[in-house]
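Same order as they appear, the protein sequences are chains A and B.
Numbered per our numbering, the first sequence finishes at 234, counting up by one with no gaps.
Numbered per our numbering, the second sequence finishes at 468, counting up by one with no gaps.
The beta carbon of each residue, even a glycine, is placed where N, CA and C say it ideally should be.
Number of protein chains: 2
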Amino acid sequence: MPSVSVCLSPRLADIHDFRDKIGIVVDILRATTTISTALEYGAIAIRPIETLDECKNWRSKGYLGAAERGGKKVEGFEYGNSPFDYINKNISGEKIALTTTNGTKTIHAVKTADMVLMGSFCNISALSEVLMDKKKDIIIVCAGWDDEINLEDTLFAGALIDGLMDSFDVSADPAILAHNLFLNGKDDMFQFLKKSSHVTRLLNFGLKKDIYFCLEQDKFDNIAVLKNEEIVLL
Amino acid sequence: MPSVSVCLSPRLADIHDFRDKIGIVVDILRATTTISTALEYGAIAIRPIETLDECKNWRSKGYLGAAERGGKKVEGFEYGNSPFDYINKNISGEKIALTTTNGTKTIHAVKTADMVLMGSFCNISALSEVLMDKKKDIIIVCAGWDDEINLEDTLFAGALIDGLMDSFDVSADPAILAHNLFLNGKDDMFQFLKKSSHVTRLLNFGLKKDIYFCLEQDKFDNIAVLKNEEIVLL
Chain A
1 MPSVSVCLSP
11 RLADIHDFRD
21 KIGIVVDILR
31 ATTTISTALE
41 YGAIAIRPIE
51 TLDECKNWRS
61 KGYLGAAERG
71 GKKVEGFEYG
81 NSPFDYINKN
91 ISGEKIALTT
101 TNGTKTIHAV
111 KTADMVLMGS
121 FCNISALSEV
131 LMDKKKDIII
141 VCAGWDDEIN
151 LEDTLFAGAL
161 IDGLMDSFDV
171 SADPAILAHN
181 LFLNGKDDMF
191 QFLKKSSHVT
201 RLLNFGLKKD
211 IYFCLEQDKF
221 DNIAVLKNEE
231 IVLL
Chain B
235 MPSVSVCLSP
245 RLADIHDFRD
255 KIGIVVDILR
265 ATTTISTALE
275 YGAIAIRPIE
285 TLDECKNWRS
295 KGYLGAAERG
305 GKKVEGFEYG
315 NSPFDYINKN
325 ISGEKIALTT
335 TNGTKTIHAV
345 KTADMVLMGS
355 FCNISALSEV
365 LMDKKKDIII
375 VCAGWDDEIN
385 LEDTLFAGAL
395 IDGLMDSFDV
405 SADPAILAHN
415 LFLNGKDDMF
425 QFLKKSSHVT
435 RLLNFGLKKD
445 IYFCLEQDKF
455 DNIAVLKNEE
465 IVLL
């Protein structure tokens, strides 16, 4: 039986050996949700970028520039890290260079995996189906916030595990921890997360609708995969 | 209102600023439980030591040598990391040099705190009383296993938080996570932890009675504190 593990912070990623495994990148609020949304609404590739300067440079290569720091869109960029920046906007057929506070770093931490997929509530059932089909060991890597563990990514890890438990070995302690959190929070995730630090931060920015969006399940059936340094549809 | 935070792995300790705060070191299975037990049964000081060689050297300075690696007592040492090594044994008035797989490293990670206390179920109520009395910010640091987060230390963090919630701010995500785990596991901690990796390891070594001992609450009312590189009674 293949196993599913959870890495609760990118800082802990090097404890894990990603080779021959599937890595799932999770940054629920909001990078991985936003990436799936942008691909759903017509973008053909998202290139995860570390720095703002680098992100600007990619615009001269024909990419749209998207940047977020500390939960806010960075001035001088057309797009930020809200899924609403990409819904019915002029992104059809476009490539996007995206830099976010935590998501990008996490994607780089997982790169040695055999396959790197993006996880979000938006596509959790589609993702689960692919994982059941592949039957490979999985490591879910939560982006957290500035290397600190956060509630929303852990909650998603637990939700994904909940759907995989019959077909995967779930005996690693962080996986059990995440699944327990999900059992406590699943009935009303918004209320459950209201106490969390990043939800509080986004609520203070007036981004309640972003949070609702990011917690809604199975809006899309797309799967976002990292291929040649860019995220594209599987 | 002072706050209580949780650091779920020593690898994440440098995210926290320990200055002017109380650090609680937690290595339930078994270092912090064993330290409280040794002090209760007459040892006057425990010196946490990183390496086996260093630990041997302290014996020539009149210390008893205690060493554990991978859950087992190290050959050539009189004492290991089981509380039963110290109950009604010849340790009255003795100093002990102790090196363990994860506990020692965690103690060093917390050293910059204003005060460093050991946490275990053995003395959880006594510890809680001291913390209520001090009214200072607290960071609970879990030893985990080889830098990975584990269930038993997280469970204890949640249990300690449960008793402090009315008087402390508990809004940091890892603190909420730990408290949720405790809510799920509190009714039967042994059964709850049976799935965890280190409990499985100790059970395979025939150490069931150690686990029961380490999960029993309020055996002692002592408080172990780090003072001048050694752990003594408060």
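Residue i at chain A interface by Cβ criterion, 8 Å
i, result
"residue 266 of chain B", "no"
"residue 470 of chain B", "Outside the modelled stretch of chain B, which goes from 235 to 468, sits residue 470 of chain B, for which no answer is possible."
"residue 302 of chain B", "no"
"residue 411 of chain B", "yes"
"residue 336 of chain B", "no"
"residue 401 of chain B", "no"
"residue 253 of chain B", "no"
"residue 249 of chain B", "yes"
Within-8 Å CB hit, residue i to chain B
i, result
"residue 154 of chain A", "yes"
"residue 173 of chain A", "yes"
"residue 183 of chain A", "yes"
"residue 120 of chain A", "no"
"residue 194 of chain A", "no"
"residue 211 of chain A", "no"
"residue 11 of chain A", "yes"
"residue 150 of chain A", "yes"
"residue 162 of chain A", "no"
"residue 197 of chain A", "yes"
"residue 133 of chain A", "no"
"residue 147 of chain A", "yes"
"residue 180 of chain A", "yes"
"residue 8 of chain A", "yes"
When the options are compared against residue i, the one with the closest alpha-carbon
i, options, result
"residue 276 of chain B", "B:326, B:369 and B:435", "B:326"
"residue 20 of chain A", "A:34, A:29 and A:3", "A:3"
"residue 305 of chain B", "B:450, B:440 and B:451", "B:440"
"residue 264 of chain B", "B:460, B:418, B:250 and B:443", "B:443"
"residue 296 of chain B", "B:323, B:329 and B:303", "B:329"
"residue 15 of chain A", "A:75, A:101 and A:172", "A:172"
"residue 278 of chain B", "B:331, B:310, B:247 and B:438", "B:331"
"residue 48 of chain A", "A:108, A:202 and A:190", "A:108"
"residue 164 of chain A", "A:149, A:135 and A:197", "A:135"
"residue 431 of chain B", "B:379, B:311, B:312 and B:367", "B:379"
"residue 396 of chain B", "B:425, B:424, B:302 and B:366", "B:366"
"residue 241 of chain B", "A:1, A:121 and A:149", "A:149"
"residue 451 of chain B", "B:323, B:355 and B:303", "B:355"
Neighbourhood of residue i by C-beta distance below 8 Å, restricted to the same chain and skipping five residues each side
i, result
"residue 298 of chain A", "Only positions 1 to 234 of chain A appear in the structure, and residue 298 of chain A is not among them; the question remains open."
"residue 415 of chain B", "385, 388, 389 and 392"
"residue 363 of chain B", "none"
"residue 239 of chain B", "250, 371, 372, 373, 374, 406, 408 and 409"
"residue 211 of chain A", "29, 190, 193, 199, 202 and 203"
"residue 58 of chain A", "47, 49, 65 and 97"
Status (buried if at least 16 other CB within 10 Å, exposed otherwise) for residue i
i, result
"residue 294 of chain B", "exposed"
"residue 118 of chain A", "buried"
"residue 87 of chain A", "exposed"
"residue 428 of chain B", "exposed"
"residue 228 of chain A", "exposed"
"residue 371 of chain B", "buried"
"residue 479 of chain B", "Outside the displayed span of chain B (235 to 468) sits residue 479 of chain B, for which this structure offers no information."
"residue 85 of chain A", "buried"
"residue 185 of chain A", "buried"
"residue 309 of chain B", "exposed"
"residue 215 of chain A", "buried"
"residue 160 of chain A", "buried"
Beta-carbon contacts of residue i that lie in its chain and below 6 Å, excluding the five residues immediately before and after
i, result
"residue 213 of chain A", "83"
"residue 349 of chain B", "256"
"residue 73 of chain A", "80"
"residue 465 of chain B", "269, 280 and 458"
"residue 147 of chain A", "9 and 11"
"residue 337 of chain B", "261, 265 and 377"
"residue 460 of chain B", "350"
"residue 435 of chain B", "305"
Same chain only: Cβ atoms within 7 Å of residue i, ignoring 5 sequence neighbours per side
i, result
"residue 260 of chain B", "266, 353, 374, 375, 376, 377, 387, 390 and 391"
"residue 340 of chain B", "244, 259, 261, 375 and 377"
"residue 18 of chain A", "110, 112, 113 and 139"
"residue 422 of chain B", "none"
"residue 56 of chain A", "65"
"residue 311 of chain B", "299, 300 and 301"
Distance cut-off 7 Å: residue i Cβ against heavy atoms of the ligand FMN
i, result
"residue 342 of chain B", "What this structure holds is no ligand at all, so the ligand FMN is not there to describe."
Query raised in the report: Given 8 Å as the limit, is there contact between the stretch 50-69 of chain A and the stretch 168-179 of chain A, that is, 3 or more CB pairs closer than that?
Result: Contact between the stretch 50-69 of chain A and the stretch 168-179 of chain A is absent, because fewer than three Cβ pairs lie under 8 Å.
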